[in-house]
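Quick note, the sequences are listed as chains W and X, same order. Here the numbering used here is used: position 239 in the first sequence is 239, and no number is missing along the way. The numbering used here runs 1000 ahead of the 1-based position in the second sequence. Where is the CB? At the ideal position from N, CA and C, for every residue including glycine. Fair warning: this is a prediction, and the values are worked out from it, not measured in the lab. First the structure, in the form of structure tokens, and then the observations on it.
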Amino acid sequence: MTPSQMLTSFYTIVRKDVVRIFRIWPQTFLPSIITSVLYFLVFGKVLGGRIGEIGGYPYITFVVPGLVMLAVVTNSFSNVATTFFQAKFFSRNIDEILVSPTPVWVIIAGYVAGGMVRGITIGILVIIISAFFTSLPLTQPFTILIFLILSSMLFSLAGLVNGIYAKSFDGITIVPTFVLTPLVYLGGVFYSALALPPLWQKLTFANPIFYMVNGFRDGFMGVSDVSLMTSLGVLGALTAILIAVNWYFIRTGLGLRQ
Amino acid sequence: MTSLALSIKNLKKTYSNGTEALKDVSLDIPAGDFFALLGPNGAGKTTIIGIVTGLVNKTGGSISVFGYDIEKDSEAARTYIGVVPQEINFNPFEKCIDVVVNQGGYYGIPRKTAIPYADQLLKDLGIGDKRNETGWSLSGGMKRRLLIARALIHKPRFLILDEPTAGVDVELRREMWDYLHILTKRGVTILLTTHYLEEAEQLCKHVAIINKGIIVASGTMDEVLSLHDEDKAQKQGYRGGKLEEVFLQLTAKNSD
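Following this line, the structure appears as structure tokens:
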């Protein structure tokens, strides 16, 4: 395929997914928005006043970056995992792409881009909604953008691994429930890792979401438990690993071909 | 450019459960041919098609499409192939026009270019009025026609049809055969699997019969029909078309 044909193929995969995402917005956007509003109300207005300040900021301001990241991560992941799994398992229309000359990396890029569109759109919506509850500083807008993009890309790639490898519908619900949710809640969304006992701190440092939340928070507030470069390094390395895993799965047909 | 649309050499496939679906299959399909691949259920027809189209991994052997190896030059080989699968496999929530146009997109055809041709294909196949309806709302025969339109959007030179008329009524089946005949006149090579043997006998120039993963007969239609054994046919009782009787003689359960 020529670069122009590859671009057309990429656009086709993305367009198809984006049209679906926006057509069923009550399923794709609304739940995260409602959940975020509830978090802002409970942790910001009801409990926030009693907790006081963290890093020199009111508690509600401190949790906003983490809650944005929570929405970005879960939506990016579930969008790609569900879309790919449905195409593979229910309608089997994934064959439409697999029989075509579309290169493996274009398939990966297309599905991941669809997940990123949903994740980033929801992230922006949650940031806008947070403005009704607190005044959020924008210390380093470029850092915010980089972490928004990298985090949604990383978890879209993770969702693709899940979607390719899952052999039943349970396979794509188990990971978000038993892996993703605990990682998010223990990733420093609601607290600073520095406030934890040493053992829990070490465990937190092994959680990739911790680096995403901290990098993102650094972009807004200039406050972080780890350096920006460490966070970027961890996200970059994990992204590279997941690209390689996805490429291997699709190239060899693992979970896709008999 | 080779004069063979498809060349299969010593193809083997053993599934992970140990089932040996293909045992050293070799097959050549000349360019421009209307080729019938016949065999009872489970003989290995769909496995061959799956491997040619990249949906099934082979265990051994080699395949080339118009001279392009399906592994080493997979992108080039796939641009030549259009496939109509046995199972309905489009997204049922997509409009018919989008099913066809999106398929063009995967072959690098921009929407602006694909839409007029997709409309033409839907019209030619008699479902032009269904362009904006979702796939799930179509009848079984219409879904089959949508699969054909989808397979043709990138103007393939080699069209593979895996039982395209399964569950389709007589009138529609005849329309489909007429359409496929027009395609062969335009130079499209067709590989067809079907259980309607009388129609295959009339339509196809070459034929191969596969049984239990082995090609038991292959050649021009006349060559295969010459294998007909009148004595055996009389013993079989019910008399069908000549190809049907050859087929039964070669694939009978005790013909190991």
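Beta carbon proximity, residue i to chain X, threshold 8 Å
i, result
"Thr12 (chain W)", "yes"
"Asn214 (chain W)", "no"
"Asn93 (chain W)", "yes"
"Pro103 (chain W)", "yes"
"Gln5 (chain W)", "yes"
"Gly253 (chain W)", "yes"
"Val1 (chain W)", "In the sequence on display, residue 1 (chain W) carries Met and not Val. Chain X, which has a Cβ nearer than 8 Å to the Cβ of Met1 (chain W), makes this yes."
"Lys281 (chain W)", "With chain W running from 1 to 258 in the structure shown, residue 281 (chain W) is simply not present."
"Gln258 (chain W)", "yes"
"Ile174 (chain W)", "no"
"Thr8 (chain W)", "yes"
Within 8 Å, strictly: CB atoms of residue i and residue j
i, j, result
"Gly1126 (chain X)", "Glu1175 (chain X)", "yes"
"Lys1023 (chain X)", "Ile1214 (chain X)", "yes"
"Asn1102 (chain X)", "Thr12 (chain W)", "yes"
"Ile134 (chain W)", "Thr61 (chain W)", "According to the sequence provided, residue 134 (chain W) is Thr. The question's Ile does not apply to it. Yes."
"Gly1067 (chain X)", "Gln5 (chain W)", "no"
"Ile34 (chain W)", "Thr28 (chain W)", "no"
"Ile1153 (chain X)", "Leu1191 (chain X)", "no"
"Ile1081 (chain X)", "Ile1160 (chain X)", "yes"
"Gly188 (chain W)", "Gly66 (chain W)", "yes"
"Gly1045 (chain X)", "Gly1054 (chain X)", "Correcting the residue type first, residue 1045 (chain X) is Lys in the shown sequence and not Gly. It is not a contact, given that the beta carbons lie outside the stated cut-off."
"Pro137 (chain W)", "Phe220 (chain W)", "yes"
"Gly171 (chain W)", "Asn79 (chain W)", "no"
"Thr1251 (chain X)", "Gly1032 (chain X)", "no"
"Leu1227 (chain X)", "Glu1201 (chain X)", "no"
"Val1025 (chain X)", "Leu1011 (chain X)", "yes"
"Gly1104 (chain X)", "Ala1114 (chain X)", "yes"
"Ile164 (chain W)", "Phe249 (chain W)", "yes"
CB contact check: residue i to chain W, cutoff 8 Å
i, result
"Leu1011 (chain X)", "no"
"Gln1103 (chain X)", "yes"
"Leu1257 (chain X)", "Residue 1257 (chain X) lies beyond the range of chain X shown here (1001 to 1256); nothing can be said about it."
"Phe1035 (chain X)", "no"
"Asn1254 (chain X)", "The pLDDT assigned to Asn1254 (chain X) is 48, lower than 50, so where the model puts this residue is not dependable, and the model offers no usable value."
"Asn1132 (chain X)", "no"
"Phe1090 (chain X)", "yes"
"Glu1198 (chain X)", "no"
"Gly1018 (chain X)", "no"
"Gly1140 (chain X)", "no"
Assumed close pair residue i, residue j - CB separation to whole angstroms, cut-off 8 Å
i, j, result
"Ile107 (chain W)", "Ile97 (chain W)", "6 Å"
"Ile253 (chain W)", "Asn1057 (chain X)", "The sequence given here places Gly at residue 253 (chain W); Ile does not occur at that position. Sure, about 5 Å apart at Cβ, within 8 Å."
"Arg92 (chain W)", "Glu1087 (chain X)", "7 Å"
"Leu154 (chain W)", "Leu242 (chain W)", "7 Å"
"Gly119 (chain W)", "Ser168 (chain W)", "Not really, about 25 Å apart at Cβ, beyond 8 Å."
"Ile1210 (chain X)", "Ala1043 (chain X)", "5 Å"
"Arg1150 (chain X)", "Val99 (chain W)", "The Cβ separation is near 10 Å, so there is no contact."
Of the residues the options, the one placed nearest residue i, counting alpha carbons only
i, options, result
"His1172 (chain X)", "X:Trp1136, X:Glu1201, X:Ile1209 and X:Asp1124", "Per the sequence shown, residue 1172 (chain X) should be read as Leu rather than His. Here the closest residue by C-alpha is X:Asp1124."
"Ser231 (chain W)", "W:Asp218, W:Ala113, W:Ile243 and W:Ile241", "W:Asp218"
"Gln1234 (chain X)", "X:Ser1226, X:Val1246, X:Gln1202 and X:Asp1162", "X:Val1246"
"Ile1048 (chain X)", "X:Pro1085, X:Gly1018, X:Lys1072 and X:Asn1017", "X:Pro1085"
"Gly1018 (chain X)", "X:Gly1050, X:Thr1059 and X:Phe1035", "X:Thr1059"
"Ser130 (chain W)", "W:Trp25, W:Val37, W:Met116 and W:Leu7", "W:Val37"
"Tyr57 (chain W)", "W:Gln86, W:Val72 and W:Ser224", "W:Ser224"
beta-carbon residue i near the ligand GDP non-hydrogen atom, thresh 7 Å
i, result
"Leu1203 (chain X)", "The ligand GDP is absent from the structure shown, which contains no ligand whatsoever."
Residues, ordered as in the chain, of the region 1020-1033 of chain X that lie near chain W by beta-carbon distance below 7 Å: Residues of the region 1020-1033 of chain X with a C-beta less than 7 Å from any C-beta of chain W: none at all.
Proximal residues, the region 1073-1085 of chain X versus chain W, C-beta separation under 9 Å: Contacts with chain W (Cβ-Cβ distance below 9 Å) from the region 1073-1085 of chain X involve Ser1074, Glu1075, Ala1076, Ala1077, Arg1078, Thr1079, Ile1081, Gly1082, Val1083 and Pro1085, listed in chain order.
Near-chain W residues of the region 1099-1128 of chain X (beta-carbon distance less than 7 Å), N- to C-terminal order: Going along the region 1099-1128 of chain X in chain order, one finds Asn1102, Gln1103, Gly1105, Tyr1106, Tyr1107, Gly1108, Ile1109 and Pro1110 with a Cβ nearer than 7 Å to chain W.
The region 120-134 of chain W: positions lying closer than 8 Å to chain X by Cβ: Against chain X - using a Cβ distance shorter than 8 Å - the region 120-134 of chain W contributes no residues.
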